[in-house]
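For reference, the structure is listed below as structure tokens.
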Amino acid sequence: MYFNMKPSALLAITVALAPVASAVRYAGFASTTSCSGDNFFCEDNGGVCCSLPTGFGFSVEFDNLPAGTQGQGYTGSTCGDFLFSVFGPGTKCWNGGGARASHMNFFHSPQGRRSVLPVREGNSTCAPSGFVYHDEKGAKKTIKVPVGEAELVAALHASKDFAELATYEAY
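As numbered in mature numbering (1 follows the signal peptide of the UniProt record, and there is no 0), residues -23 to -1, 1 to 148 make up the sequence shown, in order.
Printed below as a string of structure tokens:
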């Protein structure tokens, strides 16, 4: 059997069948033993170097990593000093045992690790996009972290200034 197909039609079929990149949420926790509790998180389609504020990154969780992807953690001031990697598919938690990841990212393994990308939609500094915490009554809250304010949010959390944290927009 012979099919005569225009190149543009073949391209349209190929694009339609190609896997769609989906956003993955990955989070850095203050907990040194498990991926639980208060955390800063990033949510993107991969290849973005996300920095964590002081006191977070002692355990790191990648939620629902697709097959063929890996999550990585780094020390230092960028995604350059490799610390660990975990591989998809599934949700993966890395526990540092006292080591701290200052940066994290995920990417599609065949592409190889990407260097720091300076821009991410809605967050040009590659800082966390949100923060999950429990207020003075134990209620779980998730807020948006404005660009450049991750360290401030971490300081408010450390000082238990829940009134100020409540002024941030809900995620």
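Each residue gets a CB set at the ideal place from its N, CA and C atoms; glycine is no exception.
>> Using CA atoms only, rank isn't needed, just tell me which of 41, 43, 37 is closest to residue 49.
In response: For residue 49, the closest C-alpha among the options 41, 43, 37 is that of 37.
Where does the unbroken alpha helix (DSSP H) through residue 139 begin, and where does it stop?
-> 139 to 142
* **Paired residues, beta bridge with residue 2 - DSSP** => 20
- Item | contact_flag[the region 70 to 86, the region 6 to 14] where n(CB pairs < 8 Å) is 3 or more | yes
Requested in this report: Starting from residue 37, follow the beta strand (DSSP E) in both directions and report where the run begins and ends.
Outcome: Run containing residue 37: 36 to 42, per the beta strand (DSSP E) assignment.
**Q.** Simplified DSSP state of residue 131, which is helix, strand or coil
**A.** helix
Three-state secondary structure (DSSP) of residue 86: helix
- Query: Can you tell me where the beta strand (DSSP E) with residue 117 in it begins and where it stops?
  - Reply: 117 to 121
Per DSSP, cross-strand counterpart(s) of residue 61: 50
Please state whether the Cβ-Cβ distance between residue 61 and residue 3 is less than 7 Å.
no
Exercise. Determine the direct distance from the alpha carbon of residue 66 to that of residue 14, and round the result to whole angstroms.
Key: 23 Å
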